[in-house]
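Going line by line, the protein sequences match chains V and R. So in the UniProt record's numbering the end of the first sequence lands on 248, straight run, no missing numbers. So in the UniProt record's numbering the end of the second sequence lands on 306, straight run, no missing numbers. Heads up, the beta-carbon is just placed ideally off N, CA and C, and yes, glycines get one too. Note that the structure is a prediction, hence the values are computed from the model and not measured. Below: the structure, in structure tokens.
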Amino acid sequence: MKTGTIRQILLITDGCSNQGEDPIKVSSMIAQKGIAVNVIGVLDDDQTEEPVGLSEVNDIANSGNGISRIVYADVLSETVQTVTRQAMTQTIQGFVSKELKQIFGKETNEEDLPPETRGEVQQVVEDLGETVDLQVLILVDTSASMQHKMEAVKDAIDDFILSLQARAGNHYYSIFQFPARNQVVKELLPWTNDGKRVAKVFPKLAAGGITPTGAALKQAVRSFEDVPSAEEWRDDSDDIIDSSYGSS
Amino acid sequence: MTSSIHPTVRLNKHQQLKGIWNKRTYVIIRLIGEGARGSIYLALLGNRYVALKISQDSSVITAEVNVLKMLKKVQGQPLGPLLLDVDDAYVSQSSKLAFYVMEYIDGVPLGQWIEREGLSWMFPISFQLLSQLNQLHQLGYIYGDLKPDNILIDKRTKHARLIDVGGVTAFNRSIREYTTWYDRGYWKMGDRRAEPTYDLFAYAVCLLNMDPHVKIQKSSERDILKLLNQAKSLKPIHHVLNHAFHGKYQSALEMKKDLEHINAQQMKKPQSNYNTPSPKLNVWPETIGISSIIFIHVALFYYFIL
């Protein structure tokens, strides 16, 4: 069976956007393109677990058909993996419900089935989740307040790639930061499946205090059009990457 | 479509959950566990205590039920808790959630047990766990999220039981759920693909964690072998841990055999610094205590008789 590709944006941020377009609106536009927007809000150590400013995190994910979590930096790694996996399952379940609708002729969620039957559907969902191709665009908020969390973010992404590599399906990921000097978003790593590149490209310096989340999402999503096709990929996977990001 | 899932579910004491499909009614007693994927409550079905797992995300429940059903087919000692019921219930007027019910194991998590009862329990517990892991591996699955909190020592039978099957993964698949400190990927000692060596690595970290000299969670050390060197109380089993960390045990039985061998040697020479083959004795203080009691008895004996 030919399986498709699941596309996701993973936004890692620590606060609400304060400039440019409404990220919630942008997020629902992105969702309409079939790309889920997942958001992880990173708390400061002294913040309570439900800070007011971070409610936007849930709203962006909600309108982006994605998953959100608000966590402290030390559990970021586990969270990235959980969020991605859950969002993937959710997307696949979406497909499956459509299939069920065709079979039963009416809107049918997995939850409407008796628990026994649900188990079999779940098995299919899991198998798909393991084998489907996955594209994740990681968008990292590098505004000043995120500076001391960068190490945790880097570790989390590193760790995430390890999980991607364990899957049977193909995966591509790319990394963007926002804001960057003189631009809203900056591509740090173009689409790749090479796990070793994360450490080299990771931003060491944070930019200014503005957080144009909406605009950043809008610009970053365009890069999904640049994803190399699987065929292209296998031929010269090492040459596609512009090595100029390397050590600078 | 559900999103922004926060998996925990708040239920009140005495709240009743009535299954929609199977019509059983459960009375909630208290929260006994909370994971990344749901909440576990102690509940009553009639007059029987049961553990009830409920999640905002029904796929979590379904996936774990699938695993528990698979484990149920195994003969011999139970792997994981026994599954009793699967159903949906309204937790409020508007929210219908999936849950499953399993036997309630009244136990103590591994870490606490060792702290309380002594390091010498390490051996009997390891033998039990490694044979359970071996059984699971025979089925073509690994446990995945092996950590002290997922290992309960049943208060009544004093047997180790694996709870929380959320991490159980078929061979060669990507690990479903893991915890940083017990994950070999975190330590850069291997990938995150399911194979028996993954569980044995995690179990070796569980053992390492029993050593009071080692503080894995508090340390920023990212080299597990350096942490191993700090484990002074575990000297006799260092080579076993080292072996497991390097993924050199092909099966849980191999690791078990090596530990049995060490245990047998320990029994033979009780004067070594690791000298408590019988459970309940804590390494040094007890030894000193016992010898002083013997000394006093001997002294009294001499005093009164001679």
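Run through chain R and tell me which residues come within less than 8 Å of residue i, C-beta to C-beta.
| i | result |
| --- | --- |
| Ser163(V) | Ser174, Ile175, Gly185 and Arg192 |
| Glu110(V) | Ser58, Ser59 and Thr62 |
| Asp159(V) | Gly185 and Tyr186 |
| Glu126(V) | Ala63 |
| Glu151(V) | Those within 8 Å of Glu151(V) in chain R number zero; the least Cβ separation is about 11 Å. |
| Glu130(V) | Arg173 and Ser174 |
Kindly give me the distance between the Cβ atoms of residue i and residue j, rounded to whole angstroms, as I take these residues to be in contact under 8 Å.
| i | j | result |
| --- | --- | --- |
| Phe104(V) | Thr142(V) | Contact flag wrong, Cβ pair sits at about 48 Å. |
| Leu82(R) | Ser55(R) | About 19 Å; that fails the 8 Å criterion. |
| Asp85(R) | Val101(R) | 4 Å |
| Ala87(V) | Ile67(V) | 5 Å |
Compare the Cα-Cα distances from residue i to each of the options and report the closest residue.
| i | options | result |
| --- | --- | --- |
| Ile12(V) | Thr213(V), Lys101(V) and Gln19(V) | Thr213(V) |
| Glu64(R) | Pro196(R), Val165(R) and Glu260(R) | Val165(R) |
| Ile153(R) | Ile54(R), Ile142(R), Leu129(R) and Ile20(R) | Leu129(R) |
| Val185(V) | Asp22(V), Arg7(V) and Gln219(V) | Gln219(V) |
| Asp211(R) | Ser92(R), Val74(R) and Pro236(R) | Pro236(R) |
| Thr89(V) | Pro23(V), Ile6(V) and Arg181(V) | Ile6(V) |
| Pro124(R) | Gln250(R), Thr8(R), Ser174(R) and Arg161(R) | Arg161(R) |
| Ser145(V) | Val26(V), Ile9(V), Asp45(V) and Gly34(V) | Asp45(V) |
| Gly119(V) | Gly80(R), Trp121(R), Ile175(R) and Ile61(R) | Ile61(R) |
| Thr82(V) | Ser94(R), Arg176(R) and Leu84(R) | Arg176(R) |
| Lys13(R) | Leu31(R), Tyr141(R) and Thr25(R) | Leu31(R) |
| Arg222(V) | Asn193(V), Gly195(V), Thr211(V) and Glu187(V) | Glu187(V) |
| Gln135(V) | Asp226(V), Asn182(V) and Val121(V) | Asp226(V) |
| Ala215(V) | Val57(V), Gln8(V) and Asp22(V) | Asp22(V) |
| Glu195(R) | Ile40(R), Glu34(R), Leu139(R) and Leu207(R) | Leu139(R) |
| Ile92(V) | Leu79(R), Ser59(R), Lys147(R) and Ile20(R) | Ser59(R) |
| Asp155(V) | Thr131(V), Ala87(V) and Gly195(V) | Gly195(V) |
| Asn38(V) | Leu10(V), Ser63(V) and Asn58(V) | Leu10(V) |
| Gln250(R) | Ser39(R), Phe127(R), Pro109(R) and His137(R) | His137(R) |
| Glu78(V) | Leu71(R), Arg37(R), Arg222(R) and Ala51(R) | Arg37(R) |
| Arg222(R) | Val240(R), Lys72(R), Tyr186(R) and Cys206(R) | Tyr186(R) |
| Leu234(R) | Thr25(R), Cys206(R), Ile151(R) and His159(R) | Cys206(R) |
| Glu260(R) | Ser126(R), Lys72(R) and Gly190(R) | Ser126(R) |
| Val91(R) | Arg193(R), Thr8(R) and Gly33(R) | Thr8(R) |
| Val132(V) | Val42(V), Ala152(V), Ala166(V) and Leu76(V) | Ala166(V) |
| Tyr143(R) | Ile262(R), Thr157(R), Thr197(R) and Phe99(R) | Thr197(R) |
| Tyr49(R) | Asn22(R), His159(R), Lys69(R) and Ile28(R) | Ile28(R) |
If the cut is a Cβ gap below 8 Å, which residues of chain V does residue i touch?
| i | result |
| --- | --- |
| residue 307(R) | As shown, chain R starts at 1 and ends at 306. That puts residue 307(R) outside it, with no answer to give. |
| Asn229(R) | Within chain V, no residue comes near Asn229(R); the closest Cβ sits about 24 Å away, beyond 8 Å. |
| Ala252(R) | Those do not exist, as Ala252(R) stays about 21 Å from chain V at its closest Cβ, beyond 8 Å. |
| Ala36(R) | Glu78 and Thr82 |
| Asn66(R) | Gly119, Gln122 and Gln123 |
Just to make sure I have the definition right: I need the residues of chain V whose C-beta is within less than 7 Å of the C-beta of residue i. Which are they?
| i | result |
| --- | --- |
| Thr180(R) | Ser77 and Glu78 |
| Trp21(R) | Pro114 and Pro115 |
Just the chain R side, please: which residues come within less than 7 Å of residue i by C-beta, in chain order?
| i | result |
| --- | --- |
| Arg7(V) | Neighbours of Arg7(V) on chain R: none; closest Cβ ~16 Å, over 7 Å. |
| Thr89(V) | Ser59 |
| residue 317(V) | Examination of residue 317(V) is not possible in this model, given that chain V is present from 1 through 248 alone. |
| Arg167(V) | Ser174 |
| Gln135(V) | In chain order: nothing, as chain R lies at least about 17 Å away. |
| Asn187(V) | Here residue 187(V) turns out to be Glu, not Asn, going by the sequence shown. The premise fails here: Glu187(V) is roughly 27 Å from chain R at the closest Cβ pair, so nothing lies under 7 Å. |
Using a threshold of 8 Å, is the CB atom of residue i nearer than that to any non-hydrogen atom of the ligand ADP?
| i | result |
| --- | --- |
| Asn62(V) | In terms of ligand content, the structure shown is empty, and the ligand ADP therefore cannot be addressed. |
Kindly provide the ranges of any alpha helix (DSSP H) runs that are 4 or more residues long and lie completely inside the stretch 42 to 77 of chain R, ordered along the chain. 58 to 72
For the stretch 238 to 258 of chain R against the stretch 97 to 116 of chain R, do three or more pairs of beta-carbon atoms, one drawn from each stretch, fall closer than 8 Å, so that the two count as touching? no
Residue ranges of each beta strand (DSSP E) within the stretch 121 to 202 of chain V, 3 or longer: 133 to 141, 171 to 178 and 186 to 192
Evaluate the contact criterion for the stretch 108 to 118 of chain R versus the stretch 38 to 46 of chain R: three or more CB pairs, one atom per stretch, below 8 Å. no
Taking only runs of the alpha helix (DSSP H) that begin and end inside the UniProt domain "VWFA" (1 to 92) of chain V, which ones reach a length of at least 4 residues, in chain order? 23 to 32 and 55 to 63
Could you pull out every unbroken alpha helix (DSSP H) segment of at least 4 residues lying fully inside the stretch 189 to 247 of chain R, listed in chain order? 196 to 210, 224 to 230 and 238 to 245
If we count Cβ pairs, one from each stretch, closer than 8 Å, do we get three or more for the stretch 199 to 209 of chain R versus the stretch 179 to 190 of chain R? yes
With three or more beta-carbon pairs closer than 8 Å as the criterion, would you say the stretch 252 to 260 of chain R touches the stretch 131 to 145 of chain R? yes
Looking at C-beta atoms only, is the number of pairs between the stretch 209 to 228 of chain R and the stretch 112 to 129 of chain V that lie closer than 8 Å three or more? no
Which full runs of the beta strand (DSSP E) of 3+ residues lie inside the stretch 134 to 173 of chain R, going along the chain? 151 to 154 and 160 to 162
For the stretch 146 to 162 of chain V against the stretch 18 to 30 of chain V, do three or more pairs of beta-carbon atoms, one drawn from each stretch, fall closer than 8 Å, so that the two count as touching? no
Should the stretch 121 to 130 of chain V be called in touch with the stretch 19 to 33 of chain V, which here means at least 3 C-beta pairs below 8 Å? no
What are the start and end residues of each continuous beta strand (DSSP E) run of 3 or more residues lying completely inside the stretch 17 to 43 of chain R, in chain order? 25 to 35
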